[in-house]
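Below: the structure, in structure tokens.
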Amino acid sequence: MSSSSSSSTTAQGAVAAVRPVRFLPESLGPLALLPSEVHGIIANHLSTPDLASCVRVSHGFRNIWIHYMFRDMRLIEPRQSELFQLNSTTTFKRHCRLTRSFVSFRLMEDGAILRDSGCTSLRRLDLRLPLEGEVVDVRAVVELLGDVLRTNSRLNHVACTGRLDWTAVLDLLSSSNPISYLYFNFVGADLAEVSSPPGAQSSAMTRKLPALKKLSLVSFPGSSSGYLVLLRECSRLETVRWKLVGAWAPSDKVKEELSELLKNVRSLSWEGMEIDEEALGEMLALGTETKRVTISAPIVRSFAPIANRAASFKSLTLRGVLSLFSSELQRFLENATTLEKLCALPLRIVEKRHVRLLARNFHDRGGTVDLVLDGVDGSGLRWGCAMTLTRLEVLIERRYPTRVDGTSAVTEGQSMPLSAECWLEHQMVYEQLGQLVNLRHLRLGQMMAPRSVGGEEERGGYQTNCLLFSVESELGPLHGMRAIQTLDVRWIAHEIGRPELDWMHNNLPKLRVVVGVADTPPHADRLWRHRSAGAKAWMDEHPRGVGRDHYEQQ
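The sequence shown begins at 1403 in our numbering and counts up one residue at a time.
Here's what the structure looks like:
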């Protein structure tokens, strides 16, 4: 490829250049065809031969993230493993040199392989030891972690879970290279109080984690001593993600100290199962300088605390908040004069008067609104075009036809047909999507989010929905999305075949990335696999910018 064409491709494929490509099992075939701008791949739950294939063809990539790579290490026999020779560390050392960015180990045997491999270029480490059940030699784990930290000078991203001596771990982190990201999962009060009082460590120069900018915490009831000790050692925190297991019930003394420790944090995220009005108010009061707030909880008893502080927010994300009250939402929108980004997941009860407020506060100021519409009537789409809606996720439940006795009418080898009601809903949603002329990023389908990896959200699994993406389902209404750049169809990817890829190529001129192409559910029927095979054949004929989860327009 000439230098001019290469630079052109880089400019057009900017999205691909900053985002790894996702690969699921049975998806390693066309790795060698990926464009040079793609810098990484993600491989989940791969078999040993797939891991070996991944390493063989990926010499040009900067990062390979292989999640859960050591889960069944003890079950792998040496003769079955091309990547991990348990009696030799040569291949593993090469793998570590390639990944550089991420290694995860959950068993002491796995960590010993890592230590003995002589790897010195790791940047991210995920230490996930069992929380309960299996007996762990705490001292041996700390020694192993110390060896890894000492031999990998670039390591600056650490995730830790399990019952460990966290005080010793903290000492190790402070004596190693500067750590900028840390994920801690506290179990009870595992991090003991230090002997010196908080005031003795008030100087930023003497703190153990002076370079830490991003912190993710998972706290359990009774673990306040642990996270207080950790926060006292930080002087440059900018982002805090806090997952609560159980109720929010710190003492007044703890809340007072937390307010001082978090006052300069710019981005604060809270996650829990249920957050009442008092707890939400206390959480928001901790970060007096916080401009970006995320609330993730199925149940939030009141929206009032957020509405009261609306004037100070630049970005607000609500994930899984199902109980928004109209009057509080309206008051929030009236006060949100500095808000630049709103992401509401889902936003079911927005009314027309709220749309006018959104249009006035966002469209006129060039702000962006990210929405997830959870419902089947498409009503939110009708007013979505009244503002600069740039990112949208549509979650709609699929309902299959059933027999009189209540059993499913779908048999093996058949496509799962839509009911007449779902078909009408599908058509109405697509007609509304076609009117969103400013939309640049669209995700279709329901997603499932398992446990996060290293404190970062990692999604996997499939859940069907009533939105189809097939030529037979009449894609015509979607051609109005002329600005669309990224299309995520991973949750309905079994519908994608050659005709659909041709339609995208011919009707969406700015489309650069399609996520999920040719992914098939683990137990897909024959028709799904046939359509996926058609997508693979299409991509083989379009080698430039091709991958199972990445398609770049030519």
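All C-beta atoms, glycine included, are put in the ideal place defined by N, C-alpha and C.
Computed from a predicted model, the values in this text were never measured in an experiment.
Q | As assigned by DSSP and simplified to three states, the class of V1695 | A | Here DSSP, grouped into helix, strand and coil, assigns V1695 to strand.
Q) Whose C-alpha, out of E1640, A1709, S1717, is nearest the C-alpha of E1736? A) Among E1640, A1709, S1717, the Cα nearest to that of E1736 belongs to A1709.
Q | Among L1619, L1632, S1618, V1620, the one whose alpha carbon lies nearest that of R1609 | A | Comparing Cα positions, the closest option is L1632.
Q: Could you have a look at V1440 and say whether DSSP puts it in helix, strand or coil?
A: Below a pLDDT of 50, predicted positions are generally treated as unreliable, and V1440, at 36, falls in that range; the measurement from the model is reported next regardless. Three-state result, V1440: coil.
**Q.** Exposed unless 16 or more other CB atoms sit within 10 angstroms - verdict on A1649
**A.** Flag for A1649 reads exposed.
Q) Measuring CB to CB, does V1647 end up less than 8 Å from L1664? A) Not in contact: V1647 and L1664 (Cβ atoms no closer than 8 Å).
Q.
Taking the alpha carbon of L1838 as the reference point, which residue from V1891, L1574, A1885, L1617 has its own alpha carbon closest?
A. The shortest Cα separation from L1838 among V1891, L1574, A1885, L1617 belongs to A1885.
Q) Taking Cβ positions, are W1672 and S1698 nearer each other than 8 Å? A) Remark: C-beta atoms of W1672 and S1698 approach each other more closely than 8 Å.
Q. Using CA coordinates, which residue listed in D1890, E1874, L1826 is at the minimum distance from H1843?
A. It is D1890 whose Cα lies nearest to the Cα of H1843.
**Q.** Residues near K1369 by beta carbon distance below 6 Å, same chain, minus five either side
**A.** The structure shown does not extend to residue 1369, since the chain is modelled only from 1403 to 1956, so the question has no answer here.
Q: To the nearest angstrom, report how far apart Q1887 and E1742 are at their CA atoms.
A: Going from the Cα of Q1887 to the Cα of E1742 covers about 21 Å.
Q. By DSSP, does A1939 sit in helix, in strand, or in coil?
A. DSSP places A1939 in helix when its eight states are reduced to three.
Q: Look up F1734 in the DSSP assignment and say whether it is helix, strand or coil.
A: In the three-state reduction of the DSSP assignment, F1734 falls in the helix class, which pools H, G and I.
(Q) Just to confirm the assignment, what range does the beta strand (DSSP E) spanning R1643 have? (A) Per DSSP, the continuous beta strand (DSSP E) segment holding R1643 begins and ends at 1641-1646.
Q | Limits of the beta strand (DSSP E) - the one that K1610 falls within | A | Neither: K1610 is in no beta strand (DSSP E) and is coded neither H nor E.
Q: Just the C-alpha distance for W1644 and F1586, rounded to the nearest angstrom, thanks.
A: Looking at the two C-alpha atoms, the distance is approximately 10 Å.
Q. Given that a residue counts as buried once 16 or more other Cβ atoms are within 10 Å of its Cβ, and exposed if not, what is R1556?
A. When all chains shown are included, R1556 counts as exposed.
Q: Could you tell me the distance, in whole angstroms, from the CA atom of A1937 to the CA atom of V1831?
A: Near 25 Å, if we compare the C-alpha coordinates of V1831 and A1937.
Q. At what residues does the beta strand (DSSP E) containing V1916 begin and finish?
A. V1916 -> beta strand (DSSP E) spans 1915-1917.
**Q.** Segment limits, beta strand (DSSP E) that includes H1843
**A.** Residues 1843-1846.
**Q.** Residues that L1957 bridges to, as DSSP identifies them
**A.** Examination of residue 1957 is not possible in this model, given that the chain is present from 1403 through 1956 alone.
Q | Whole-number beta carbon distance between S1582 and K1616, since they are thought to touch under 8 Å | A | 7 Å between Cβ atoms; contact.
**Q.** I1701, buried or exposed, once every other Cβ within 10 Å from all chains shown has been counted against 16
**A.** Its Cβ having fewer than 16 others within 10 Å, I1701 is exposed.
Q) Would you report the Cα separation of E1640 and S1872, rounded to the nearest angstrom? A) In this structure, the straight-line span from the alpha carbon of E1640 to that of S1872 is close to 44 Å.
Q) If we ignore side chains and look at the alpha-carbon of each, how far apart do G1862 and L1670 end up? A) At G1862, the pLDDT of 32 sits below 50, so the modelled position is not reliable and the matter cannot be decided from this model.
Q.
I need the DSSP call for S1959, collapsed to helix, strand or coil.
A. Residue 1959 is absent from the structure shown; the chain starts at 1403 and stops at 1956.
Q. Under a Cβ-count criterion, where at least 16 other Cβ atoms within 10 Å of its own Cβ denotes burial, should E1902 be classed as buried or exposed?
A. A residue is called buried once 16 or more other Cβ atoms fall within 10 Å of its Cβ, and E1902 is buried on that count.
Q: Classify I1886 as helix, strand or coil using the three-state DSSP reduction.
A: Judged by DSSP in its simplified three-state form, I1886 adopts coil rather than helix or strand.
(Q) Do E1684 and K1657 count as a contact pair if the criterion is CB distance below 8 Å? (A) Contact: yes.
Q: Take R1900 and list the residues in its own chain whose beta-carbon comes closer than 8 Å to its own, dropping the five residues that flank it on each side.
A: So the list reads G1936, A1937, A1939, W1940, once near-sequence residues are dropped.
Q: Using three-state DSSP, classify K1716 as helix, strand or coil.
A: Three-state DSSP puts K1716 in coil, outside helix and strand.
Q. Helix or strand or just coil, what does DSSP make of R1703?
A. Coil.
**Q.** Straight-line gap, V1571 to T1696 (C-alpha atoms, nearest Å)
**A.** Rounded to the nearest angstrom, the gap between the Cα atoms of V1571 and T1696 is 29 Å.
Q: From the DSSP output, read off the bridge partner residues of R1552.
A: For R1552, DSSP records no beta bridge to any residue.
Q: Would you tell me roughly how many angstroms separate the C-alpha atoms of F1425 and V1917, rounded to the nearest one?
A: For F1425, the predicted model reports a pLDDT of 38, less than 50, meaning its position is unreliable and no value from the coordinates is stated.
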